[in-house]
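Top to bottom, those sequences are chains H and D. Residue numbers 1 to 487, in UniProt numbering, belong to the letters of the first sequence in order. Residue numbers 1 to 487, in UniProt numbering, belong to the letters of the second sequence in order. The C-beta atom is built at its ideal place from N, Cα and C for all residues, glycine as well. All of these numbers come straight from a predicted model, not from anything done at the bench.
2 protein chains.
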Amino acid sequence: MSSTATLQKSLTIDNINPHVKAARYAVRGELAVKSEEYRAQLDAGKKDLPFDTVISANIGNPQQLDQKPLTFFRQVASILENPCLLEKEDVLVSALGYEKDVIARARKLLKFVGSVGAYSASQGAMGIREEVAKFIERRDGHSADPSNIFLSNGASAGVNALLNIICATPSTGVLVPIPQYPLYTATLSVLNARCVPYYLDEHRQWGTNLDEIRAAYDTAQQNGTDTRAIVIINPGNPTGASLEVQDIENVLRFAAEKKIVVMADEVYQTNVFKGQFYSFKKVLRDLQQKEPGTFDNLELASLHSVSKGMIGECGHRGGYYEMVGFDEKVKAEVYKYVSIQLCPPVIGQCFVEMMVNPPKEGEESYPLYKKEYDGIFKGLYERAMALYEAFKKMEGVECQSPAGSMYLFPSITIPPKAIEAAKQQNKQPDEFYALRMLDATGVCTVPGSGFGQKDGSWHFRTTFLAPGTEWTGRLVEFHNGFMKEFS
Amino acid sequence: MSSTATLQKSLTIDNINPHVKAARYAVRGELAVKSEEYRAQLDAGKKDLPFDTVISANIGNPQQLDQKPLTFFRQVASILENPCLLEKEDVLVSALGYEKDVIARARKLLKFVGSVGAYSASQGAMGIREEVAKFIERRDGHSADPSNIFLSNGASAGVNALLNIICATPSTGVLVPIPQYPLYTATLSVLNARCVPYYLDEHRQWGTNLDEIRAAYDTAQQNGTDTRAIVIINPGNPTGASLEVQDIENVLRFAAEKKIVVMADEVYQTNVFKGQFYSFKKVLRDLQQKEPGTFDNLELASLHSVSKGMIGECGHRGGYYEMVGFDEKVKAEVYKYVSIQLCPPVIGQCFVEMMVNPPKEGEESYPLYKKEYDGIFKGLYERAMALYEAFKKMEGVECQSPAGSMYLFPSITIPPKAIEAAKQQNKQPDEFYALRMLDATGVCTVPGSGFGQKDGSWHFRTTFLAPGTEWTGRLVEFHNGFMKEFS
Chain H
1 MSSTATLQKS
11 LTIDNINPHV
21 KAARYAVRGE
31 LAVKSEEYRA
41 QLDAGKKDLP
51 FDTVISANIG
61 NPQQLDQKPL
71 TFFRQVASIL
81 ENPCLLEKED
91 VLVSALGYEK
101 DVIARARKLL
111 KFVGSVGAYS
121 ASQGAMGIRE
131 EVAKFIERRD
141 GHSADPSNIF
151 LSNGASAGVN
161 ALLNIICATP
171 STGVLVPIPQ
181 YPLYTATLSV
191 LNARCVPYYL
201 DEHRQWGTNL
211 DEIRAAYDTA
221 QQNGTDTRAI
231 VIINPGNPTG
241 ASLEVQDIEN
251 VLRFAAEKKI
261 VVMADEVYQT
271 NVFKGQFYSF
281 KKVLRDLQQK
291 EPGTFDNLEL
301 ASLHSVSKGM
311 IGECGHRGGY
321 YEMVGFDEKV
331 KAEVYKYVSI
341 QLCPPVIGQC
351 FVEMMVNPPK
361 EGEESYPLYK
371 KEYDGIFKGL
381 YERAMALYEA
391 FKKMEGVECQ
401 SPAGSMYLFP
411 SITIPPKAIE
421 AAKQQNKQPD
431 EFYALRMLDA
441 TGVCTVPGSG
451 FGQKDGSWHF
461 RTTFLAPGTE
471 WTGRLVEFHN
481 GFMKEFS
Chain D
1 MSSTATLQKS
11 LTIDNINPHV
21 KAARYAVRGE
31 LAVKSEEYRA
41 QLDAGKKDLP
51 FDTVISANIG
61 NPQQLDQKPL
71 TFFRQVASIL
81 ENPCLLEKED
91 VLVSALGYEK
101 DVIARARKLL
111 KFVGSVGAYS
121 ASQGAMGIRE
131 EVAKFIERRD
141 GHSADPSNIF
151 LSNGASAGVN
161 ALLNIICATP
171 STGVLVPIPQ
181 YPLYTATLSV
191 LNARCVPYYL
201 DEHRQWGTNL
211 DEIRAAYDTA
221 QQNGTDTRAI
231 VIINPGNPTG
241 ASLEVQDIEN
251 VLRFAAEKKI
261 VVMADEVYQT
271 NVFKGQFYSF
281 KKVLRDLQQK
291 EPGTFDNLEL
301 ASLHSVSKGM
311 IGECGHRGGY
321 YEMVGFDEKV
331 KAEVYKYVSI
341 QLCPPVIGQC
351 FVEMMVNPPK
361 EGEESYPLYK
371 KEYDGIFKGL
381 YERAMALYEA
391 FKKMEGVECQ
401 SPAGSMYLFP
411 SITIPPKAIE
421 AAKQQNKQPD
431 EFYALRMLDA
441 TGVCTVPGSG
451 FGQKDGSWHF
461 RTTFLAPGTE
471 WTGRLVEFHN
481 GFMKEFS
């Protein structure tokens with residue numbers, strides 16, 4: 001064969017889709033790849049690394065980090081996978097300890113989907129969408145319509161579908177919070193649309209600032225950008241913020257005034273430590289009751305997922321979005337778009353049903369469910385606080401107190417010598433810092449530049465999912481060493 | 001509230017993404033929606049329909065149509081969902097009849113993925129990709145590299161990723177067989193790229209015709225289209241064709257000559273009734289050995305899925321694609337693109353492993369697996385033949401004899417009066433025919449216009465998955481009535 005040097009490929013980095021090439025997605029970028037290499041080295045018995053475990057604090061992946069799945073969910077799923085087990089109900093109950101409500105739930109879900117191996121309707125199984133609508137009604141105290149519910153392949157697929165519909169031209173813009181979960185900017189890149197960044201207010205617990213949003217919108221308009229939607233991530237990713245009702249009302253008023261779609265990413269809605277979660281849907285409906293007519297034109301899409309919360313079933317790729325106030329013809333186009341990929345994973349759809357309908361008080365599985373759920377919640381809170389306390393001990397590190405989601409997003413003051421060293425390696429200063437942290441401690445985080453941040457400020461995002469708090473000590477030690485090295 | 005008539009939405013059918021709007025995906029279009037309405041009416045006890053069951057012959061969805069899942073697969077999956085069952089191995093074995101190899105496989109897969117509720121690597125779990133590579137080696141007699149294997153959310157997600165990379169500009173073209181599975185044209189529409197249609201040769205068992213391909217390429221080039229890839233679906237969808245080695249070699253030679261990527265959609269590779277399946281990869285490697293150097297520049301992506309074959313686990317959304325001969329930088333962009341959606345469903349990945357590694361002779365689960373597998377294969381063949389015989393009885397209907405996949409795609413001669421009636425309803429003649437068929441028989445098919453066909457010819461696609469053969473009688477009766485009505 002001729003040498004590869006002489007081969008000319010049809011596809012090269014210079015002639016593929018430039019919009020895919022332009023996309024950035026740091027959550028699974030260089031650091032993540034390197035951390036997996038370290039893990040493989042440790043697994044293979046390598047001894048000369050300065051750490052003995054890799055901590056994947058770069059991604060909200062609870063079950064990779066030893067969070068145990070909720071028993072009820074998995075017992076039901078085991079029957080869904082093998083419905084023949086229902087022929088041996090006595091064995092399930094007496095020998096395997098399955099409660100009666102587990103079996104009843106499996107029967108109900110099998111009625112909804114037939115077989116978890118069959119395609120469902122593209123929008124998701126109707127029975128499950130009805131349960132989601134009832135959940136939203138209970139949560140918000142306002143009605144919800146199953147025909148507005150789209151089950152999805154994780155929340156990410158919902159974001160993808162909605163942005164594919166919204167992004168009509170290269171001058172279409174979408175307001176995106178900075179810092180943000182990079183799914184938004186990456187998808188906008190792929191779609192050759194414009195990200196209209198608005199900065200969150202770090203010193204007000206990373207809240208939204210209406211003046212900031214208005215200024216971003218106006219600047220975009222002056223640049224010929226046709227802004228069609230605003231993204232809000234509440235509770236915040238990567239910030240961990242949890243919005244107040246007033247903040248949400250402000251966003252809704254602004255969206256109604258400018259006639260733009262609101263995309264509320266609410267996947268962390270049960271991960272709230274301070275105050276409580278208010279859904280955009282509830283706040284919208286409350287406003288509509290108080291001020292009839294004002295918000296009638298508003299289109300709100302809100303997203304939820306089984307990947308986060310205390311469930312943490314990321315690998316099952318379950319999620320949903322509710323489309324409120326959209327034109328029926330537009331919804332039909334969303335349906336067509338999602339139908340091209342046939343349907344969301346059916347077992348993931350079943351997890352969505354269990355998420356919106358967990359065991360209730362009085363049901364057999366409730367005591368264990370409650371114990372597991374509370375234990376996970378408490379563990380998350382304790383680790384968040386431990387990390388927060390560790391950050392307090394680090395020179396030049398500032399962190400908002402934990403409020404929600406699974407992340408902390410401290411700012412770091414990087415010494416000029418380290419900034420210079422980063423430049424020489426053609427890296428952002430916080431990227432350089434996070435790589436050094438990984439090399440020294442085995443802890444993989446994501447540099448703030450992967451999410452966006454104000455010029456001249458540097459951050460990193462860490463989850464507080466990894467078990468134990470020993471590793472927070474590693475971080476303190478690394479940081480102090482780093483500061484000394486580059487002082 | 002103000003009346004909806006006065007509301008002005010941000011998003012309307014006239015200002016959303018025009019490329020999504022332009023996409024057509026008939027497999028889940030008007031007929032499918034109508035058939036689901038009929039089904040709901042029957043379920044609700046409606047008596048005055050001229051049929052008592054709806055037959056969803058529009059989509060290859062075996063388990064919706066009572067095909068039983070393979071026991072081994074589902075027993076393993078039940079343990080993957082609830083690994084606590086492994087603590088009661090004796091119960092699994094003695095009370096539930098799980099064989100030892102079921103338990104061993106579940107342990108092996110759990111080692112590969114950790115938890116099915118955790119995100120895996122974006123390209124899929126490495127252990128599973130290694131098993132896929134070994135399977136390809138056994139199948140083809142040529143080596144395969146796990147780093148070239150991408151696990152995916154069904155084969156559809158693989159097509160989506162590959163086309164997203166390939167389609168660089170609005171003048172990028174992709175050669176697509178006509179008739180085709182509309183995933184291809186729909187995705188090209190969404191990406192604002194060009195479908196370069198080449199017609200399959202109906203009277204040569206729907207085979208590929210190199211002159212046809214060459215002519216299509218040349219015409220496209222004259223129109224300023226930059227053709228970058230050719231799609232082949234083998235065995236064929238919707239045609240049911242199964243390609244000979246010579247046909248495959250012709251396509252590979254042409255692709256090497258024109259320096260275009262080959263996308264081989266091989267999801268029906270085990271659904272072959274006539275002759276045998278040859279993978280594009282094997283034929284390529286054989287050619288490379290025979291003619292060193294000639295094919296070194298060729299890029300081949302071949303796709304497979306757990307949705308079809310005798311497995312039929314569509315709802316689990318498992319698939320993979322192998323990328324052979326691609327530039328590493330291009331592969332890195334594919335990786336980045338798929339990482340934006342995090343990872344394919346993990347339980348679906350496990351089904352891929354079981355597909356490529358089913359129970360082997362001598363293993364405990366083999367006898368039952370073999371019996372189930374052969375039974376499904378035989379059932380498919382018998383129903384294909386029953387349908388084929390039924391079509392022979394219909395005036396003006398011509399059908400190629402069943403060769404592969406899950407479909408027959410007969411041509412129909414539609415009387416001029418019916419064509420006129422269709423026109424008055426603003427429908428294609430075969431759409432009109434298929435709607436009439438659904439209304440009269442409850443059998444839902446997809447009109448040929450949903451896949452593309454030569455001008456003036458009309459077809460419909462039917463699966464041969466639905467149990468029994470009684471419904472083929474309904475078709476004959478409907479057709480004869482239709483011909484009489486419009487004669």
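Asked, Found
"Exposure label - D/S2; buried when at least 16 CB within 10 Å", "Reliability fails at D/S2, whose pLDDT of 41 lies under 50, so the model's placement of it is uncertain and no value is given."
"Stretch pair the stretch 276–289 of chain D + the stretch 126–143 of chain D: three plus CB contacts closer than 8 Å", "yes"
"Chain H contacts from the stretch 294–313 of chain D (Cβ-Cβ distance under 7 Å)", "D296, N297, E299, G312 and E313"
"Residue from D/K331, D/E420 and D/K360 with nearest C-alpha to D/S122", "D/K331"
"Buried or exposed by the 16-neighbour rule on C-beta atoms within 10 Å, applied to H/H203", "exposed"
"For D/D48, the nearest candidate out of D/G154, D/D439 and D/S152 (CA to CA)", "D/D439"
"Rounded straight-line distance, which links the Cα of D/P83 to that of residue 489 of chain H", "This structure cannot settle anything about residue 489 of chain H, because the visible part of chain H is limited to 1 through 487."
"Helix, strand or coil at H/A229 according to DSSP, with G and I counted as helix", "strand"
"For D/Q64 and D/G312, the rounded distance between their alpha carbons", "10 Å"
"Among H/E30, H/E353 and H/Q425, the one whose alpha carbon lies nearest that of H/A125", "H/E353"
"Which of helix, strand or coil DSSP assigns to D/S2", "In this prediction, D/S2 has a pLDDT of 41, which is less than 50 and means its spatial position is unreliable; nothing more can be read from the coordinates."
"Interface partners of D/D145 on chain H, CB under 8 Å", "Within 8 Å Cβ-Cβ: nothing; D/D145 doesn't reach chain H, min ~14 Å."
"Residue of D/S152, D/P146, D/N148 and D/T208 minimising C-alpha distance to D/L175", "D/T208"
"C-alpha distance - D/T4 paired with D/K88, whole-angstrom precision", "Low per-residue confidence applies at D/T4: pLDDT is 45, beneath 50, and the placement is therefore not dependable enough to give any value."
"contact_flag[the stretch 413–421 of chain H, the stretch 284–298 of chain H] where n(CB pairs < 8 Å) is 3 or more", "no"
"Minimum Cβ-Cβ distance from H/L183 to chain D less than 8 Å", "yes"
"8 Å Cβ cutoff, H/C195 in contact with chain D", "no"
"Own chain partners of D/R383 with C-beta closer than 7 Å, once the 5 adjacent residues on each side are dropped", "F464 and T469"
"Short CB-CB distance (under 8 Å) between D/F432 and chain H", "no"
"Within 8 Å, strictly: CB atoms of H/T227 and H/G173", "yes"
"Neighbour flag for D/L96 against chain H, beta carbons, 8 Å", "yes"
"Proximity of D/G318 and D/Q269 at Cβ, strictly below 8 Å", "no"
"Helix, strand or coil at H/D145 [DSSP, three-state]", "coil"
"8 Å Cβ cutoff, H/I128 in contact with chain D", "no"
"Reduced DSSP secondary structure (H/G/I, E/B, other) of D/A471", "Here residue 471 of chain D is Trp; the residue named in the question, Ala, does not match the sequence. DSSP places D/W471 in helix when its eight states are reduced to three."
"Residues near D/T6 in its chain [Cβ-Cβ closer than 8 Å; skip 5 each side]", "Summary for D/T6: the model assigns pLDDT 48, below 50, so the residue's position carries little reliability, and this model does not support an answer."
"Within-8 Å CB hit, H/A5 to chain D", "Summary for H/A5: the model assigns pLDDT 43, below 50, so the residue's position carries little reliability; its value from the coordinates is reported in the next sentence. So no, H/A5 is outside the interface."
"Three-way DSSP call (helix, strand, coil) for H/S307 in this model", "coil"
"Short-range partners of chain D found in the stretch 324–345 of chain H, where Cβ spacing is below 8 Å", "G325, F326, D327, K329, V330, E333, K336, Y337, S339, I340, Q341, L342, C343, P344 and P345"
"For H/R24 and D/F326, the rounded distance between their alpha carbons", "21 Å"
"Residues near D/I165 by beta carbon distance below 8 Å, same chain, minus five either side", "V330, E333, V334 and Y337"
"Limits of the alpha helix (DSSP H) - the one that D/H19 falls within", "P18 to A22"
"D/I376 CB to nearest heavy atom of the ligand NAP below 7 Å", "Inclusion of the ligand NAP in the displayed structure is not the case, the ligand content being empty and no account of it being possible."
"Coil, strand or helix - D/V116 by DSSP", "coil"
"Per-residue DSSP class, three states only, for H/L287", "helix"
"Within-8 Å CB hit, D/N148 to chain H", "no"
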